[in-house]
Amino acid sequence: MGNHSEAQLKEIAVGLERSGHRFLWVVRAPLGDNPEKAFGRDANPDLHGLLPDGFLERTSGRGIVIKIWAPQVDVLHHRATGAFVTHCGWNSLLEGITAGVPMLCWPQYAEQKMNKVFMVEEYGVGVEMVGWQQGLVTAEEVEAKVRLVMESEKGEQLRAQVMAHKEAADMAWKDGGSSRAAFGKFLVDVHAGPGASTPLNY
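Using the numbering used here, you'd call the opening residue of the sequence shown number 1 and step up by one each time.
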């Protein structure tokens, strides 16, 4: 989900704890005055300092907090994954759809805001974390949206919708599918060199 302020990290933590659901959370240090430090090789967020007192201990039986990075594709395809909080980067959205996982959409900048519109309003595979527009997603919203996706009829609808898109994506990559044909055309054009183009037949 990118880098959040210390205040935002605490809100996320409280919301996750109150939701009662299992979670895997990748935490990065706030950017602060030195963004390179947050992403560098020596980046090492102080979880006990950033998160509420006792949070790690209280959630140790149902939550996993990881520093910096996790193998996102593997996590999304794991059978235990029931929802995905995403910043709405296009690659992450495609990974969520092809894994068949409904999304809690939390855009941060640039095209992510428009991508959120597609996921929530056009494709119906996610819900919006609306607090980002005011600069803080509250613990109450985190809890409510997690419960919405994991426990409610709306969550079942999201799951069915994202599975339909997953199946469509799977078909597109099979022999004769539109994505495989488009990628094949791309490879032919690259091999042919500048100025050459081949017709695309689906």
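The beta-carbon is built from N, C-alpha and C at its ideal position, and this holds for glycine as well. Owing to the predicted nature of the structure, the values given are computational and were not obtained by experimental measurement.
T86 is bridged by DSSP to C105. Under DSSP, F23 forms a beta bridge with G63. Annotation for V73: no beta strand (DSSP E) segment contains it, though the alpha helix (DSSP H) segment containing it runs 72-76. The DSSP assignment places 139-151 as complete runs of the alpha helix (DSSP H) inside the stretch 136-172, in order along the chain (cut-off: 4 residues). Non-local C-beta neighbours of Q161 in its own chain, meaning closer than 6 Å and more than five positions away in sequence, comprise G124, V125, ordered along the chain.
Counting along the chain, G49 sits inside the alpha helix (DSSP H) bounded by residues 47-50.
Excluding sequence positions up to five before and after L9, its CB lies within less than 7 Å of the CB of V27, L50, L51, all in the same chain and listed in chain order.
Here N91 is exposed. Its C-beta has fewer than 16 other C-beta atoms within 10 Å. Rounded to the nearest whole angstrom, the C-alpha separation of M103 and G54 is 28 Å. Cα atoms of L94 and K67: separation of roughly 24 Å, rounded to the nearest angstrom. Here A13 has L51, P52, F55 as same chain residues with Cβ atoms under 6 Å from its own Cβ, once five neighbours each way along the sequence are excluded. With a beta-carbon spacing of about 6 Å, M150 and H21 fall inside the 8 Å limit used to define contacts. Apart from sequence neighbours up to five positions away, the residues of its chain that approach A99 with a beta-carbon distance below 6 Å are L76, H77, ordered along the chain.
Of the residues T59, H4, E156, Q108, the one whose Cα lies closest to the Cα of Q133 is Q108. Between G155 and A83, the C-beta gap is smaller than 9 Å, which places the two residues in contact.
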